[in-house]
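What follows is one structure encoded as structure tokens, with my remarks underneath.
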Amino acid sequence: MIGMSLNLYIITKRCTFDRNFSVLFKLEPPSIMNPNDTKVDPSTTEKDATHIALGQTHDIGANLYLEAEQLTAEELETEGAKVLRIIDWRIMPMLYLTYVIQFLDKLSLNYASAYSLIPDLGLEGQRYSWVAAIFNFGYLFWALPANLLIQRLPIAKYMGGMLFIWSVLVIAHVGAKNYAGILVLRFLLGMAEAGISPCMMNLTSMFYKRSEQPLRMAIWLSANGMATMVGALLGFGLGHSHNTALRSWQLIFLTIGLLNFLCACLFLWLMPDSPGSARFLTHRQRVIAVQRVAENMIGVKTKDIKPRQALEIIYDVRVLCCAGVGIACGVINGGSSNFASALIKGFGFSEIYTTLLQLPTGAIEAGVVPICGLIATYVKDSRCIVLAVVCLIPFAGLLGIRFTSLDYPWTLVGCTWLQYLVGAPVIISWNLLATNVAGHTKRAVANGLWFSLYAAGNVAGANIFFAHQAPRYYSGLLGLLICYAGIIVLACVAYMSMKWENRRRDAAIIAADTDENPEDITSQAILDGFKDMTDMESKHFRYAL
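All letters in the sequence shown, in the order written, are residues 95 to 639 by the working numbering.
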């Protein structure tokens, strides 16, 4: 029986298994009789641990998935809703808070530069531009290794460790004495940040079903908007501190660094590495949590590095489309974030008004990004459509900046604000990767590719705006227009590719004249996910458009 084929038949709506599944895992499922039970059946020993035969792959959630055999569909539905609420109240606040603090750190240089940072450290001329840009070089350098480490290491501990290192580096800015010193700190800061967003993507996909992910990811990404508003007020308040031993810019770095240090400690204490290790869930609830996300068809997590999976990316049109969106979003972010002030000032506003007029951008991002996530969550197969449509709004804004007369400065400012909707295409493309790339090594490399290209795009975006073209910055506007148009085209290509592939796989099953029904296909796709098969290897995998 141990050597039998893994071609098993699983039935009963994602909750009941054929007895062959128990043979495959070489153990009898422990009894789950009590909702308050927090112990594994003593008959389940370590050598009984979940073991997928094909490729000797171990998924950390497969053992708990097997235990769901003891639960009925009604129990899974009723208790699953309760487990989701618990996860929402424990995971989402932590992710949101972490992203607020993390984005504050990234904005700290911008706030500090408003005071005496530049003359104190000799950052006049192009030196300040290089200090800002070298962060992205550090990010680019470490993006791929960071994602591979995420696969190999306990994810919450790795992310918490990076947050701790990040906080130390931000605090170390207080002691920077010259140009060389702050260059080194910014490069290391970019390396430390490279794994934060991928960790949050992976944590979301480990705890939530693919249908629940767009809204959750949009909520924690919208923390960028909150951080923008909080940071502006924090920078203003600290900048007016007097009679202290530290300069205003040093106080900014110290305060934000200490906040991040506290956040890192809290994260390490509260965040679990997976549903199976969540202390805030009983054992029964952990079983249900794993069973819920099994329908993502990607398993939970496998630590084995498989180079052949990475090679699939070369000819995977869907991943390449997402990677293209990544570099386009990077160019847009690099351009708009670095030159929004110059644009607004060029429309005839004073320096103080230029600063104040950037506050609404945080509210726009905090409001619009979750709305996009809400639509993608509750409108079936709408991810690519939302991605394309939301890009039309800032695209129209760029045309407004290009053709609106300078006699209408408020219209021009409104068009500039629209560029801060870039968070929406970012989060939708992240979700497309999280839900449509199976095979844990392939996912790690695909995420690393996206973030590497995003960092490169940020560097490029800051260098397509030329001072002699103020206030219109024609080359910069043209570059951003091309990027938005490119995202729309790539979203359409990805949509058509995934829809065609889903239909092709359905037709192949019909042509094979098997007795598989949709429930059988889903069950086999779940098994393929626990075997760490890629989305291209598993013919039962279906893409979420």
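Ideal Cβ positions, reconstructed from N, Cα and C, are used throughout, including at glycine.
- Residue range A167 to A206 is occupied by the alpha helix (DSSP H) that includes M188.
- Exclusion of the five residues before and after S305 leaves T471 as the residues of its chain whose Cβ lies within less than 7 angstroms of its Cβ.
- Non-local C-beta neighbours of K536 in its own chain, meaning closer than 7 angstroms and more than five positions away in sequence, comprise Q403, A404, E406, I407 and T628, ordered along the chain.
- When beta bridges are read from the DSSP output, T396 appears opposite D153.
- When rounded, the separation of the alpha-carbon atoms in M630 and L178 is 30 angstroms.
- Annotation: G491 to P366 spans about 42 angstroms, alpha carbon to alpha carbon.
- Counting C-beta pairs with one atom in each stretch, the segment 551-558 and the segment 436-456 have fewer than three that are closer than 8 angstroms, which means they do not touch.
- With a cutoff of 8 angstroms on beta-carbon distance, Q307 and A588 are scored as not near each other.
- Secondary structure note for Q379: its alpha helix (DSSP H) is the uninterrupted segment H377 to A388.
- Collapsing the DSSP output to three states places A250 in a helix.
- Contact between I521 and G555 fails: their C-beta atoms lie close to 18 angstroms from each other, not under 8 angstroms.
- Going by DSSP, Q307 is part of the alpha helix (DSSP H) stretching over Q307 to L315.
- With contacts defined by Cβ atoms closer than 8 angstroms, G573 and G429 form a contacting pair.
- Around the beta carbon of S499, fewer than 16 other beta carbons sit within 10 angstroms, so the residue counts as exposed.
- The C-alpha of Q618 lies about 6 angstroms from the C-alpha of H634.
- For a cut-off of 8 angstroms, the C-beta gap from T455 to Y502 is around 19 angstroms, too long to register as a contact.
- Around A579, the same chain offers no residue with a beta carbon nearer than 6 angstroms, after the five sequence neighbours per side are excluded.
- Annotation for T396: T151, D153, H534 and D626 place their beta carbon closer than 6 angstroms to its own, counting only its chain and skipping 5 residues before and after.
- The closest CA to that of R477, considering only L198, N525, A162 and I465, is found on N525.
- When the Cα atoms are used, S335 and S342 turn out to be separated by approximately 7 angstroms.
- In the same chain as L348, and ignoring 5 residues on each side of it, the C-beta atoms closer than 8 angstroms to its own belong to I265, V268 and L340, in chain order.
- Counting the other CB atoms within 10 Å of its CB gives Y233 a total of 16 or more, which places it among the buried residues.
- By the beta-carbon neighbour count (other beta carbons within 10 angstroms, threshold 16), D607 is exposed.
- The three-state reading of DSSP puts V473 in coil, since its state is none of H, G, I, E or B.
- The beta carbon of A326 sits closer than 6 angstroms to those of L453, all from its chain and outside the five residues before and after it, given in chain order.
- For the pair V381 and E161, the CB atoms are nearer than the 8 angstroms cut-off.
- Taking the Cα positions, S435 is about 14 angstroms away from L201.
- In the DSSP assignment, T529 falls within the unbroken alpha helix (DSSP H) covering G517 to N530.
- Straight through space, the alpha carbons of L584 and T298 are spaced by roughly 24 angstroms.
- In this structure, I276 keeps its C-beta atom at 8 angstroms or more from the C-beta atom of V194.
- In the pairwise beta carbon analysis, the segment 237-251 is classified as not touching the segment 313-331: fewer than three pairs are separated by under 8 angstroms.
- A buried status is given to P369, since no fewer than 16 other beta-carbon atoms sit within 10 Å of its beta-carbon.
- A distance of 8 angstroms or more separates the beta carbons of R412 and S261.
- Taking all protein chains in view, the Cβ of P401 is surrounded by fewer than 16 other Cβ atoms within 10 Å, so the residue is classified as exposed.
- The DSSP-derived three-state label of T322 is helix.
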